[in-house]
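To start, the structure under review is shown below, and the notes come after it.
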Amino acid sequence: LPIFGISIFIMLITVIFGEGYIEESTNQCWLFLPFLPFGIQPSEFVKILYVLFLAAFLSKSQSFKRIVISAVFAGLHVIILVFSSDLGSALIFFIVYVFMVYVATGQARWLGAGAAGGTLASLIAYKLFSHVRIRVLAYRDPWSVIDNEGYQVAQSLFAIGTGSWLGMGMYKGLPESIPVVTQDFIFSAIAEEFGGFFAISLILICLSTFLTFIKIAMAHQSMFYKLTGLGMGMTYAVQTVLTIGGAIKFIPSTGVTLPLVSYGGSSVLCTLITFAIIQG
Numbered sequence: 011l012p013i014f015g016i017s018i019f020i021m022l023i024t025v026i027f028g029e030g031y032i033e034e035s036t037n038q039c040w041l042f043l044p045f046l047p048f049g050i051q052p053s054e055f056v057k058i059l060y061v062l063f064l065a066a067f068l069s070k071s072q073s074f075k076r077i078v079i080s081a082v083f084a085g086l087h088v089i090i091l092v093f094s095s096d097l098g099s100a101l102i103f104f105i106v107y108v109f110m111v112y113v114a115t116g117q118a119r120w121l122g123a124g125a126a127g128g129t130l131a132s133l134i135a136y137k138l139f140s141h142v143r144i145r146v147l148a149y150r151d152p153w154s155v156i157d158n159e160g161y162q163v164a165q166s167l168f169a170i171g172t173g174s175w176l177g178m179g180m181y182k183g184l185p186e187s188i189p190v191v192t193q194d195f196i197f198s199a200i201a202e203e204f205g206g207f208f209a210i211s212l213i214l215i216c217l218s219t220f221l222t223f224i225k226i227a228m229a230h231q232s233m234f235y236k237l238t239g240l241g242m243g244m245t246y247a248v249q250t251v252l253t254i255g256g257a258i259k260f261i262p263s264t265g266v267t268l269p270l271v272s273y274g275g276s277s278v279l280c281t282l283i284t285f286a287i288i289q290g
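Numbered according to my numbering, the sequence shown spans residues 11 to 290.
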């Protein structure tokens, strides 16, 4: 409970006092807590606290009552993120929770309930948030709105296609033609300059890292350690899939970073902390 209180306090402070940054070309919003000459994005640090809280809470008991209580606690995190328009992080939190409950209980029905709840939440988000509708429009047919809503996705696909299998060479591409390329669409820049073979290798490295996380988690008899490893592994995996999937138009763009690759000090630092915990 103290971990839960700290994470909720950090998120509320961010919503109330944080400084928002809106990328006009994509309608994406980030909330920062400004400190000295740099800002900190608290939602990245809350991911770690969130996993630790759920692991501690679910490891003690997997009764239906305790699952419902954990759902309320997890829902508070997601709701605060939704109000701050950080829907990418909200999606990560939701998926991580569903899989942690599934592993803790061993009951596949929670995956079905999560899928149903996620579908309903997606429809509600589509109705409530204009930037969600913009991203879905850009995902469905970026070419019909290439001058506006679909520009970012279209430029991403152009970059990947231009790079072909071997790439154009370092500094020989035009990654700056993609809005927010250093964060959300870094994979497209990599594919353009280093090529498809390099990009596929990067995906395989990410997959290998995730499988290592899961292997370490499943090797533990303690439910707390098992859930901690699983939760952090799922956080890493979901974030990777959302970033790369958005860049290749496999799914709508969600505005999250590629761990250890995208620009962003908070993201890199929190990913390093996650790796350190797993290594420990």
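Idealized CB from N, CA, C, for every residue including glycine.
Quiz item: Do the CB positions of A209 and F197 come within less than 8 Å of each other?
Solution: Yes.
Quiz item: Nearest CA to the CA of T238: which residue from M21, I13 and V61?
Solution: Looking only at M21, I13 and V61, the smallest Cα-Cα distance to T238 is reached by V61.
Quiz item: Do I105 and S276 have their C-beta atoms within less than 8 Å of each other?
Solution: Not a contact, by the Cβ cut-off of 8 Å.
Quiz item: From which residue to which residue does the alpha helix (DSSP H) around W120 run?
Solution: DSSP places W120 inside the alpha helix (DSSP H), whose first and last residues are R119 to L138.
Exercise. Return the chain-ordered list of same chain residues with a C-beta closer than 6 Å to the C-beta of G177, the five sequence neighbours on each side being excluded.
Key: E203, F204 and G205.
Quiz item: So, are the CB atoms of F168 and A257 less than 8 Å apart?
Solution: No.
Practice problem: Leaving out five residues on either side along the sequence, give the residues of the same chain with a beta carbon under 8 Å from the beta carbon of F188. | Solution: Looking at the sequence shown, residue 188 is not Phe but Ile. Q162, Q165, S166, A169, F195, S198 and A199, listed in sequence order.
Quiz prompt | Closest Cα partner of K307 within the set A201, P269, H230 and V190 | solution = With the chain represented from 11 up to 290, any question about residue 307 goes unanswered, as that position is not in the structure.
Quiz item: Which runs of the beta strand (DSSP E) spanning at least 3 residues fall entirely within the region 53-77, listed in chain order?
Solution: Listed in chain order, there is nothing to give.
Quiz item: How many whole angstroms separate the CB atoms of I13 and L68, which I take to be in contact at a CB cut-off of 8 Å?
Solution: The pair is not a contact, with the Cβ atoms about 13 Å apart (cut-off 8 Å).
Self-check item: Short Cβ contact (8 Å threshold) for A66 with F234
Solution: For the pair A66 and F234, the CB atoms are nearer than the 8 Å cut-off.
Practice problem: Could you tell me whether the region 98-118 touches the region 242-249, where touching means 3 or more Cβ pairs closer than 8 Å? | Solution: Put simply, the region 98-118 touches the region 242-249. At least three CB pairs are less than 8 Å apart.
Quiz prompt | Simplified DSSP state of K225, which is helix, strand or coil | solution = Reduced to three states, the DSSP call for K225 is helix.
Exercise. Answer yes or no: do Y149 and P269 have a C-beta to C-beta separation smaller than 8 Å?
Key: Contact flag unset, no.
Quiz item: Roughly how many angstroms separate the alpha carbons of S140 and V251, rounded to a whole number?
Solution: Rounded to the nearest angstrom, the two C-alpha atoms are 23 Å apart.
Practice problem: Using the Cα positions of G98 and V142, report the straight-line distance between them to the nearest angstrom. | Solution: Each residue's alpha carbon lies about 10 Å from the other.
Quiz item: What are the boundary residues of the alpha helix (DSSP H) that Q249 is part of?
Solution: In the DSSP assignment, Q249 falls within the unbroken alpha helix (DSSP H) covering M233 to A257.
Quiz item: Does DSSP classify E203 as helix, strand or coil?
Solution: The answer is helix: DSSP assigns E203 an H, G or I state.
Quiz item: Helix or strand or just coil, what does DSSP make of P152?
Solution: Here P152 sits in helix by DSSP.
Quiz item: Candidates K57, I18 and I26: which alpha carbon is nearest V278's?
Solution: Closest option to V278, Cα to Cα, is K57.
Quiz item: Whose C-beta lies closer than 8 Å to the C-beta of W175 among residues of the same chain, with five residues either side of it excluded?
Solution: A distance below 8 Å between beta-carbons, with the five flanking residues on each side excluded, links W175 to the following residues of its chain, in chain order: G205, G206 and F207.
Exercise. Go through its chain and collect everything with a Cβ distance to I224's Cβ below 8 Å, but skip five positions before and after it.
Key: Taken in chain order, the residues that qualify are G239, L240 and G243.
Quiz item: Per DSSP, what kind of secondary structure is H230 in: helix, strand or coil?
Solution: In this structure, H230 counts as coil in the three-state DSSP scheme.
Quiz item: Going straight from the alpha carbon of T192 to that of F74, what length do you get?
Solution: Cα to Cα, T192 sits roughly 43 Å from F74.
Practice problem: Rank V82, Q117, D151 and T24 by C-alpha distance to the C-alpha of F260 and give the top, closest one. | Solution: With respect to the C-alpha of F260, the residue from V82, Q117, D151 and T24 having the closest C-alpha is D151.
Quiz item: Thinking C-beta only, is S80 closer than 8 Å to L64?
Solution: Going by C-beta atoms, L64 is nearer than 8 Å to S80.
Quiz item: In terms of residues, what are the limits of the alpha helix (DSSP H) holding S277?
Solution: Note, S277: alpha helix (DSSP H), G275 to Q289.
Quiz item: Could you check where the alpha helix (DSSP H) with M110 kicks off and where it finishes?
Solution: L97 to T115 is the span of the alpha helix (DSSP H), which, as asked, contains M110.
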